[in-house]
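Here full-length UniProt numbering is used: the first residue of the sequence shown is 1, the next is one more, and so on.
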Amino acid sequence: MSRFQTGGENGARHESMEKVLSGNHYRALQGSDQPRQELGLRGGPPMQARLLVQFRDGTTREWDSLPQMDQVVEALLSVMGPLDAQHRSSGSLRITELDRVAVDVAAAPRHVAAWDEPEAHAPVSFFWIDLAGTPDPHDFSVLFSLLKVHARTQRQWLAEAAGWAGSSEACVVSTPSSHCEGETEFSLGSNEGRQQREPDELHVFAEERYVQMQLAVISATHPGGTKTSSNPAYADSDGSAAAQQPDRLHANLFDVDEEDDLGCVRLLCFADGVVDWRPAAEVEGWGYVTRGVARLLADPAPAQRMLTTSQLLHIILDELCEAFLPDPTLVLNEVDAIDSMMPLVRQKESEQADVLRRALRLRRCLSVHRRLLLSKVNLLEQLGRPVMRTLLAFITADAVNTGGVVHRPNFFDANPAGRSAAVADPQSLAHTAIIRRILHLLRQLDGARTILGNTTLIYTSSVTMLNNSISTEADYRMVVLHYVTLVFLPLTVVASHWGMNCDVPWKNLDSTTPFWSIVGASAAYAALHLWYPIFCIFTGRTDKLV
1 MSRFQTGGEN GARHESMEKV LSGNHYRALQ GSDQPRQELG LRGGPPMQAR
51 LLVQFRDGTT REWDSLPQMD QVVEALLSVM GPLDAQHRSS GSLRITELDR
101 VAVDVAAAPR HVAAWDEPEA HAPVSFFWID LAGTPDPHDF SVLFSLLKVH
151 ARTQRQWLAE AAGWAGSSEA CVVSTPSSHC EGETEFSLGS NEGRQQREPD
201 ELHVFAEERY VQMQLAVISA THPGGTKTSS NPAYADSDGS AAAQQPDRLH
251 ANLFDVDEED DLGCVRLLCF ADGVVDWRPA AEVEGWGYVT RGVARLLADP
301 APAQRMLTTS QLLHIILDEL CEAFLPDPTL VLNEVDAIDS MMPLVRQKES
351 EQADVLRRAL RLRRCLSVHR RLLLSKVNLL EQLGRPVMRT LLAFITADAV
401 NTGGVVHRPN FFDANPAGRS AAVADPQSLA HTAIIRRILH LLRQLDGART
451 ILGNTTLIYT SSVTMLNNSI STEADYRMVV LHYVTLVFLP LTVVASHWGM
501 NCDVPWKNLD STTPFWSIVG ASAAYAALHL WYPIFCIFTG RTDKLV
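The following block contains the structure:
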């Protein structure tokens, strides 16, 4: 479906102008007898591509739900003109002689004003290719022939599509634009020199002049089990689909227990365009990206609705990072519940295990989420480095900055009169605003983590103290039993000896003197052993007995 957007008082116009590249109208001129793969390399959802092209006069054309990259090329040819020396390349796009695709481009009759119609084969100022799903090898071949990218990017994208653990040399697509393995690549990623990969990565390719990023995202699922709409900008004019779209909700902290459950969004940022790929089509927060682009394109002033790489990148980073900011109230409530529950837990192994398991799970969630947020902060800080503003100024340049000079990209000016248009706008390009929100939440999560750690420590200390008290009481009782045994054991031996039918001393003596002598000796023996325990008991030093 093709869309033509211009600014106006009534907002963005999403009216169908042409039936361009419809899935029911294309056919391959070569290899039409062989069925095309319906699923991707790893059995994932089929690819759906979206193309947005903006011209220098501010007009915009969009194509949605393109199942093949060949159709994207044909769409670019329809707006850039035939393949001659003048239109073979436009900025970062380089259209080569590929297998052509026949499409029906019959225009729908519609009366529009002259200024609404784009100039035929007007120069393209910006493009956005949005890929969702799993492309097949042919789509990747067309994409890498269309863009000048490093061989490492090709390997990583193909490895992600195939579900492989690492890059493979056999995955490099053989295209005319492929580069040798010896070319250098400048990496600013947070995983420099580390064996463990970070959730968010940044690589700068200075020679090819583009930036490759990988962003960790959360898969978006509806509470009822169905996927949420990731493209609310394409709602009907009556707003029924937009009305069903819920307001922005904070992510649940317990949705991400392990980093393996996360998805990813890969970005290629060029000076005049952005290519993104979402292997999981439904991503939390991506619907707001399309809404933000639609609001920007709905501006009535042509100069204000001009898209740039820095603006689109800021919208994507803002919305995807916002999806990772959980509601701190949920975390604090859980911490308070655990804190109030700890003193009431009885000394039963099942109850202790339950509350400790709950506390450890919350600590695990806090640790995982904290690592993810710090990874995004690190990525945003990499984008603000001086080397980025020097080598690739289009990453931080604003819309007014057409000469490549950065105008306040990373902070807000206190003087409103001296701000540029992009900095004064609420959707400004200051990545530090995103960093501030993340750091503010990190401080709250750190506070909750500290409270939870102190609560666990106090509870563990109380349990340890109680166990020590019980152990001390048991030791005291054992000491008492020891003294009792020590006193009565000799008497028992003597009594048992005199009670047996055998000859004993003084058996024939008609006197009780031997008996009382034995009693006196036993009493002296008991007094000798009991004087110290009795002394400790009366003086309150029972701890000396243990």
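For every residue, glycine included, the Cβ atom is placed at its ideal position computed from N, Cα and C.
Being a predicted model, the structure only gives us computed values, none of them experimental.
For residue i, the residue or residues it bridges with in DSSP
{"i": "VAL265", "result": "LEU215"}
{"i": "LEU129", "result": "Position check: residue 129 holds Ile in this sequence, whereas Leu was assumed. BP columns for ILE129 point to LEU51 and VAL275."}
{"i": "TYR210", "result": "PHE205"}
{"i": "THR134", "result": "PRO46"}
{"i": "VAL124", "result": "PHE55"}
{"i": "MET270", "result": "The sequence shown places Phe at residue 270, not Met. According to DSSP, PHE270 bridges with GLY273."}
Spatially closest choice to residue i from the options, by CA coordinates
{"i": "ILE458", "options": "PRO343, PRO514 and GLU473", "result": "PRO343"}
{"i": "ALA49", "options": "TRP277, GLY285 and THR455", "result": "TRP277"}
{"i": "VAL283", "options": "PHE324, VAL274, GLN311 and ALA271", "result": "PHE324"}
{"i": "ARG370", "options": "PHE535, ALA448 and GLN212", "result": "ALA448"}
{"i": "ALA524", "options": "ARG61, PRO490, PHE538 and HIS497", "result": "PRO490"}
{"i": "ALA495", "options": "LEU486, VAL519 and ARG437", "result": "VAL519"}
{"i": "VAL275", "options": "LEU313, SER462 and ASP64", "result": "LEU313"}
{"i": "VAL211", "options": "LEU439, LEU392, SER461 and SER375", "result": "LEU392"}
{"i": "VAL487", "options": "SER461, LEU317, ARG94 and ALA521", "result": "ALA521"}
{"i": "GLN382", "options": "VAL204, ALA162 and LYS148", "result": "VAL204"}
{"i": "PHE515", "options": "ALA527, GLY499, ARG155 and GLY273", "result": "GLY499"}
{"i": "ASP64", "options": "LEU51, VAL149 and HIS431", "result": "LEU51"}
{"i": "ALA280", "options": "MET80, ASN501, TRP286 and ALA132", "result": "ALA132"}
{"i": "LEU330", "options": "LEU362, LEU320, SER310 and LEU509", "result": "LEU362"}
{"i": "PRO302", "options": "MET47, PRO45, PRO46 and ARG56", "result": "ARG56"}
{"i": "HIS150", "options": "GLU208, CYS365, ARG385 and VAL293", "result": "GLU208"}
Reduced DSSP category for residue i - H, G, I as helix; E, B as strand; rest coil
{"i": "ALA495", "result": "helix"}
{"i": "GLU201", "result": "strand"}
{"i": "PRO302", "result": "coil"}
{"i": "residue 568", "result": "Here the chain has residues from 1 to 546 only, and residue 568 is not among them."}
{"i": "PHE488", "result": "helix"}
{"i": "VAL149", "result": "coil"}
{"i": "residue 577", "result": "Residue 577 is absent from the model: the chain starts at 1 and stops at 546."}
{"i": "THR513", "result": "helix"}
{"i": "THR308", "result": "coil"}
{"i": "VAL377", "result": "helix"}
{"i": "PRO505", "result": "coil"}
{"i": "ASP238", "result": "With a pLDDT of 40 at ASP238, under the threshold of 50, the predicted position of this residue should be treated as unreliable, though the coordinate-derived value follows. In this structure, ASP238 counts as coil in the three-state DSSP scheme."}
{"i": "ARG371", "result": "helix"}
{"i": "GLY520", "result": "helix"}
{"i": "MET478", "result": "helix"}
{"i": "ALA397", "result": "coil"}
{"i": "GLY540", "result": "coil"}
{"i": "MET500", "result": "coil"}
Residue interval of the alpha helix (DSSP H) (run including residue i)
{"i": "TRP63", "result": "TRP63 -> not in any alpha helix (DSSP H); beta strand (DSSP E) instead, spanning 60-66."}
{"i": "SER78", "result": "69-80"}
{"i": "ILE95", "result": "Element bounds for ILE95: n/a, residue is neither H nor E."}
{"i": "THR290", "result": "286-297"}
{"i": "LEU344", "result": "Segment: none, LEU344 is in no alpha helix (DSSP H) and carries neither H nor E."}
{"i": "VAL283", "result": "From DSSP, VAL283 is part of no alpha helix (DSSP H); its letter is neither H nor E."}
{"i": "ARG389", "result": "386-391"}
Cβ neighbours of residue i in the same chain (closer than 8 angstroms, five flanking residues each side left out)
{"i": "MET306", "result": "GLN54, GLY58, SER125, PHE126 and ALA399"}
{"i": "PRO533", "result": "VAL479, VAL480, TYR483 and LEU545"}
{"i": "VAL345", "result": "GLU351, GLN352, VAL355 and TYR459"}
{"i": "LEU439", "result": "VAL377"}
{"i": "THR455", "result": "VAL335, ILE338, ASP339, MET342 and ALA359"}
Residues of its chain near residue i, where Cβ-Cβ distance is below 6 angstroms and the 5 sequence neighbours each way are ignored
{"i": "ARG248", "result": "Reliability of the predicted coordinates at ARG248 is poor, the pLDDT of 43 falling under 50, and the value obtained from them is presented with this limitation in mind. So the list is empty, once near-sequence residues are dropped."}
{"i": "GLN444", "result": "PRO328"}
{"i": "VAL387", "result": "none"}
{"i": "ALA271", "result": "PHE394"}
{"i": "ILE451", "result": "VAL335"}
{"i": "LEU379", "result": "ASP200 and LEU202"}
{"i": "MET213", "result": "LEU202 and LEU267"}
{"i": "ILE435", "result": "VAL377 and LEU380"}
{"i": "PRO123", "result": "ARG56"}
Beta-carbon contacts of residue i that lie in its chain and below 7 angstroms, excluding the five residues immediately before and after
{"i": "PRO199", "result": "ALA216, GLU259, LEU262, LEU372 and SER375"}
{"i": "LEU143", "result": "MET69"}
{"i": "ASN231", "result": "At ASN231, the pLDDT of 39 sits below 50, so the modelled position is not reliable; the number obtained from the coordinates is stated separately. Correct list, in chain order: GLY287 and THR290."}
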